[in-house]
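Enquirer:
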Amino acid sequence: MKIISSLSEFLVWRASISSSLKVGFVPTMGALHNGHAALIKGSLNEADITVVSIFVNPKQFGENEDFSSYPRTVEKDCDLLQSAGVDILFLPQYEDIYSDDVKSFAFEHFFSRQLEGKSRPNFFPGVVNVVSRLFNIVKPSMSFFGKKDAQQLILINKMVNVGGFPIKIIPVETIREPSGLAMSSRNIYLSKSQTISASKIYKSLLLAESLLKHGEKDARVIKNEIKKNLLVDPAISVDYISIVCLNDLKEVSGEVCSPVLVSVAVYIGGVRLIDNIFYE
Ligand code: PAF
Numbered sequence: 000m001k002i003i004s005s006l007s008e009f010l011v012w013r014a015s016i017s018s019s020l021k022v023g024f025v026p027t028m029g030a031l032h033n034g035h036a037a038l039i040k041g042s043l044n045e046a047d048i049t050v051v052s053i054f055v056n057p058k059q060f061g062e063n064e065d066f067s068s069y070p071r072t073v074e075k076d077c078d079l080l081q082s083a084g085v086d087i088l089f090l091p092q093y094e095d096i097y098s099d100d101v102k103s104f105a106f107e108h109f110f111s112r113q114l115e116g117k118s119r120p121n122f123f124p125g126v127v128n129v130v131s132r133l134f135n136i137v138k139p140s141m142s143f144f145g146k147k148d149a150q151q152l153i154l155i156n157k158m159v160n161v162g163g164f165p166i167k168i169i170p171v172e173t174i175r176e177p178s179g180l181a182m183s184s185r186n187i188y189l190s191k192s193q194t195i196s197a198s199k200i201y202k203s204l205l206l207a208e209s210l211l212k213h214g215e216k217d218a219r220v221i222k223n224e225i226k227k228n229l230l231v232d233p234a235i236s237v238d239y240i241s242i243v244c245l246n247d248l249k250e251v252s253g254e255v256c257s258p259v260l261v262s263v264a265v266y267i268g269g270v271r272l273i274d275n276i277f278y279e
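Numbering (numbering that gives the first Met the number 0), first residue to last: 0 to 279.
#1: Should Thr27 be listed as close to the ligand PAF, given that the test is whether its C-beta is under 8 angstroms from any heavy atom?
#2: Which runs of the alpha helix (DSSP H) fall wholly inside the segment 141-207 and span at least 4 residues, in chain order?
#3: Does the segment 39-49 come into contact with the segment 138-147, if we say contact requires no fewer than three beta-carbon pairs (one atom in each stretch) closer than 8 angstroms?
#4: Just to confirm the assignment, what range does the alpha helix (DSSP H) spanning Val11 have?
#5: Rounded to a whole number of angstroms, what is the C-alpha to C-alpha distance between Phe106 and Leu133?
#6: To the nearest angstrom, report how far apart Val220 and Val243 are at their CA atoms.
#7: Of the residues Ile39, Ser5, Met28 and Ser17, which one's Cα is nearest the Cα of Val171?
#8: Please determine whether the Cβ atom of Gln59 lies at a distance below 8 angstroms from any heavy atom of the ligand PAF.
#9: Count the other CB atoms within 10 Å of the CB of Phe109; is the residue buried (16 or more) or exposed (fewer)?
#10: What are the boundary residues of the beta strand (DSSP E) that Arg271 is part of?
#11: Just to confirm the assignment, what range does the alpha helix (DSSP H) spanning Tyr239 have?
#12: Looking at the ligand PAF, does it come within less than 8 angstroms of Gln150, judged from the CB to the closest heavy atom?
#13: To which residues does DSSP link Pro26 through a beta bridge?
#14: I think Lys202 touches Gly34, with their Cβ atoms under 8 angstroms apart; what is that distance to the nearest whole Å?
#15: Between the alpha carbons of Lys157 and Gly163, how many angstroms are there, rounded?
#16: Report back the beta-carbon spacing between Asn56 and Val137 to the nearest angstrom; my notes put them in contact at under 8 angstroms.
#17: Between Ser131 and Phe104, how many whole angstroms is the CB-CB distance? I'm expecting something under 8 angstroms.
#18: Find the nearest neighbour of Ser52 within the set Phe66, Val73, Lys58 and Gly41, judged by alpha-carbon distance.
#19: Count the other CB atoms within 10 Å of the CB of Asn63; is the residue buried (16 or more) or exposed (fewer)?
#20: Kindly identify the DSSP beta-bridge partner or partners of Asp47.
#21: Give the range of the beta strand (DSSP E) segment to which Leu79 is assigned.
#22: Please state whether DSSP places Leu211 in a helix, a strand or coil.
#23: Short of 6 angstroms in beta carbon distance, which residues of its chain neighbour Leu90, apart from the five on each side in sequence? Order them along the chain.
#24: Determine the burial state of Val127: buried for a count of at least 16 other Cβ atoms within 10 Å of its Cβ, exposed for fewer.
#25: Less than 9 angstroms separating the beta-carbons of Ala83 and Leu260?
#26: Hey, Gly29 and Asn121 are a contact pair by Cβ (cut 8 angstroms); roughly how many whole angstroms apart?
#27: May I ask you to list the residues that DSSP assigns as paired with Tyr266?
#28: Per DSSP, Lys1 is paired with what?
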């Protein structure tokens, strides 16, 4: 694996790659886990060359969020990437990404102000800014995003379409712990008992799925059941529970349309966790 830690070196490498080769790209913020490993595996299977970037993007964190304490485990990450068979690890500096020479794409959609966007107003503008810059540097043929960050995946897809990026966005299934807890770099913050509480998030989503499968159509009833299921655990406080119709990304207040995205954000001891299911 070649490690490249500057924009100029990356551009020289990129210019040396034949245009007939398919470059697969997995942008990350490091603290890699099996969820990232699944994205990387997807790229190794589909592309000729796999590029992974690690860049903890300050612009997607709010003032009171965990930018400074965000887990940084670069050595461990390098070992994982090396043994996975990744070709290029790109470790840009702040100045590389936010250089005036790198084009960003400003993209605004009402959905970026819902769910995560409501609770974290800096998040999607920051993600769109950094991902568009990374796309303009890496120039991949395809890029891999996890369904765990469903709203991010949907918005990046829209950005690529609106911005005319010639990049295929490939969604990858959420990877879970045996308890059902979705893998996340932030799980590192949880104590043992908080990890047990956190496993209730997915269980509440499975309950919603089962209600839908059994014909429950009222979104309020489903959201209420999720809420009741979560709040039996005093360690959990709910940020939001949402059901959006995937056709128009609007919150369903009455009868559930199909397909939908059911998503949940909770706090457990100050740690914010999200999860979701797509239901056809
Ligand atoms: O999902 C993430 O880790 C980040 O939001 C991303 C896409 C790498 C942009 O910083």
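Here a beta-carbon is modelled for each residue, glycine too, at the ideal position from N, C-alpha and C.
Expert: Reading it off the structure:
#1: yes
#2: 149-162
#3: yes
#4: Leu6 to Ala14
#5: 15 angstroms
#6: 14 angstroms
#7: Ile39
#8: yes
#9: exposed
#10: Val270 to Tyr278
#11: Run containing Tyr239: none in the alpha helix (DSSP H); it sits in the beta strand (DSSP E), Ile235 to Cys244.
#12: no
#13: Ser52
#14: The pair is not a contact, with the Cβ atoms about 19 angstroms apart (cut-off 8 angstroms).
#15: 10 angstroms
#16: At roughly 15 angstroms, the Cβ-Cβ gap does not stay under 8 angstroms, so Asn56 and Val137 are not in contact.
#17: 4 angstroms
#18: Val73
#19: exposed
#20: DSSP output for Asp47 lists no bridge partner at all.
#21: Taken as a continuous stretch (DSSP letters only), Leu79 belongs to no beta strand (DSSP E), being part of the alpha helix (DSSP H) at Val73 to Ala83.
#22: helix
#23: Ser4 and Ile53
#24: buried
#25: no
#26: Actually they do not touch by this definition, with Cβ atoms about 19 angstroms apart.
#27: Ser236 and Arg271
#28: Ile87
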